[in-house]
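Take a look at the structure set out below.
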Amino acid sequence: MSASPDRPAVGDAIAPLERTITLTDMVAYAGATWDWHRLHYDPEYAAAKGLPGPIVDGQVFGAYLVEMLQDGLGPDCFVQTLDFSFRNLMFAGETIRCEGEVVAVDDADPTAPTVDVTMTVTILGVGGADDRYAVKPASARVLLGRTDGTGRP
Amino acid sequence: MGLLTDEIRALVGTRRVYTAPEAFGAAAGRYFGLAIGDDNPLYSDPEFARSHGLAGVTLPPTLVCETNQYAALPADAEGYAGHTWGLELPGTRQVRGGNRYVFGRRIRPDDVVTATWEITDATEKTNRAGADMLVVGSRVTYTNQDGEFLAENEETLIFISLGGAA
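Top line first, the protein sequences correspond to chains U and L.
Position 115 of the first sequence, counted from 1, bears residue number 115 in my numbering, the numbering being contiguous throughout.
If you count the second sequence from 1, you need to add 1000 to reach my numbering.
Structure follows, in structure tokens:
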């Protein structure tokens, strides 16, 4: 199933988002967030710590999950809450797939319906097969028709 | 057990407050969108944003929770220039548990962010492998120059004993 921007239903899948995160992307992200920790861009530093490469900053997964929700549910939605738990490290050059499923819809108030979504971020291995979770579980509550939120929930 | 010392327990309730030296700025949001490959025009096209009821471009929602922009701190020896609690627990390794974000409204370019960090709890546990852990929770609340609530970020830091079975 695919999610409709107008009226998602329980069981609808959110269109997945796949992204390969290169070292260049990680350098750009470090600059955009003012987070220049060497673990996120310095291969020699990472190797000295016994790691196979620079580590993707885990908080970026929140940004990808919001991007998936915004793209899937449309520009007039507002992500009100987002929870995510880290499972495994991700390294430069690896690919993730973000996935989500609508698990609840509350449209008792037709002016402010809400959608609850559960999500995962999976790191892909050889041939695009699932290798390990980067994020699980993750969940979000999304407001529909409230592009700019409602203030403090 | 023994990771939850009186010194750690006494840190619960500790606060640090940072106010950004300038407004967030539209370019910061546009650059973040470029960096993560998110081309949503809500972050870069004022006409598109206005057509969806916004006053103009806004910043990608999670940026306020991810950036160190407001802190104006010098980079440490590892290059990190954001808030830390400076917790050093010998004989442990530190991992991040996760985050919970709550958003009140979209961040606007003219928002001047104040971030208020607080240690909310410290709990001793044992993981599945039998290793002792200390779980430290903190919360940061983001407001603007008018005291408006923008967002909240609850984080979990986990210190795992290297002397256990982990």
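From the three backbone atoms N, C-alpha and C, an ideal C-beta is built for every residue, glycine too.
Looking at Leu39(U), Asp148(U), Arg132(U), Met68(U), the one whose alpha-carbon comes closest to that of Thr118(U) is Met68(U). Assignment of Val56(U) by DSSP, reduced to helix, strand and coil, places it in the coil class.
Cα atoms of Ala1075(L) and Gly1082(L): separation of roughly 8 Å, rounded to the nearest angstrom. The shortest CA-to-CA distance from Ala1115(L) to any of Val1136(L), Asn1127(L), Gly1091(L), Phe1149(L) is the one to Phe1149(L). The beta carbons of Gly100(U) and Leu82(U) sit no closer together than 7 Å.
Taking Arg1015(L) as reference, the option from Thr1120(L), Asp1132(L), Gly1130(L) with the minimal CA-CA separation is Thr1120(L).
In this structure the stretch 1058 to 1066 of chain L lies against the stretch 1025 to 1033 of chain L, because at least three pairs of beta carbons, one per stretch, are closer than 8 Å. Within its own chain, the residues whose Cβ lies closer than 7 Å to the Cβ of Phe1103(L), once the five positions on either side in sequence are excluded, are Pro1061, Ala1151, listed in chain order. As DSSP reads the structure, Leu1004(L) sits in no beta bridge. For the stretch 1105 to 1132 of chain L, the set of positions with a beta-carbon nearer than 7 Å to some beta-carbon of chain U reads Arg1105, Arg1106 in chain order. Among the residues of chain U, those whose CB is under 9 Å from the CB of Leu1034(L) are Ala28, Ala32, following chain order.
If you draw a 10 Å sphere on the C-beta of Glu94(U), you find 16 or more other C-beta atoms in it, and that means buried. Taking the Cα of Val135(U) as reference, the smallest distance to any Cα among Gln59(U), Trp34(U), Asp35(U) is reached at Gln59(U).
Ranking Leu1042(L), Met1133(L), Glu1155(L), Asn1144(L) by CA distance to the CA of Thr1092(L) puts Met1133(L) first. DSSP places Glu44(U) outside any beta strand (DSSP E); the residue lies instead in the alpha helix (DSSP H), whose first and last residues are 43 to 48.
By the Cβ-count criterion, Gly1033(L) is buried, with 16 or more other Cβ atoms from all chains shown falling within 10 Å of its own Cβ. Considering only beta carbons, the part of the stretch 60 to 77 of chain U lying closer than 8 Å to chain L consists of Val60, Gly62, Ala63, Tyr64, Val66, Glu67, Gln70, Asp71, Pro75, Asp76, in chain order. Any Cβ of chain U closer than 7 Å to the Cβ of Tyr1142(L) would place that residue at the interface, and such an atom is absent. Sequence-distant Cβ neighbours of Arg1139(L) in its own chain, meaning closer than 6 Å and more than five residues away, are Glu1118, Thr1120, Glu1154.
Below the 9 Å Cβ cutoff, chain L contributes Glu1066, Thr1067, Asn1068, Gly1079, Tyr1080, Ala1081, Gly1082 as neighbours of Asp35(U), in chain order. In the DSSP secondary-structure assignment, Ile96(U) is bridged to Arg19(U), Ile123(U).
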